[in-house]
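In my numbering, the protein residues as written are 4 to 92. Using N, Cα and C, we set each Cβ at its ideal position, and we do this for glycine too.
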């Protein structure tokens, strides 16, 4: 699930997943597709989340990467192209 909030320069996107025992990070063109740059951390409700501030008027590609090299998509992305999910800010 994606949570959005406005910032002065764009949009803060919070990437949220249900609790999982594996480490998961979100990777995308906003962090040069660097695994581990944005690891999801536990929240009080048990879900996992991490936030990133994205510039206004951008289209950002992203995917999740779980421990063990498992890539997966967020079904709530604005659109998918068969390889990545995308967020429009």
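Taking residue 38 and residue 68 to be in contact with their CB atoms under 8 angstroms, please state how far apart those CB atoms are, rounded to whole angstroms.
-> Start at 1 with the first residue of the chain shown, and residue 38 comes out as number 35. Start at 1 with the first residue of the chain shown, and residue 68 comes out as number 65. With 8 angstroms as the limit, residue 38 and residue 68 qualify as a contact, their Cβ atoms being about 5 angstroms apart.
Would you tell me roughly how many angstroms separate the C-alpha atoms of residue 7 and residue 50, rounded to the nearest one?
-> Indexing the chain shown from 1 puts residue 7 at position 4. Indexing the chain shown from 1 puts residue 50 at position 47. Distance between the alpha carbons of residue 7 and residue 50 is about 16 angstroms.
Same chain, Cβ closer than 7 angstroms to residue 91, neighbours up to 5 away in sequence not counted | As a working mapping, residue 91 is identified with position 88 in the chain shown. Answer for residue 91: 62, 81, listed in chain order.
Candidates 59, 75, 83, 85, of which the one nearest residue 12 by Cα | As a first step, residue 12 is located in the chain shown; it is residue number 9 there, counting from the start. The option with the nearest alpha carbon to residue 12 is 59.
For the beta strand (DSSP E) that residue 33 lies in, which residues bound it at each end?
-> Residue numbering aside, residue 33 sits at position 30 when the chain shown is read from its first letter. Unbroken run through residue 33: none, as it is neither H nor E.
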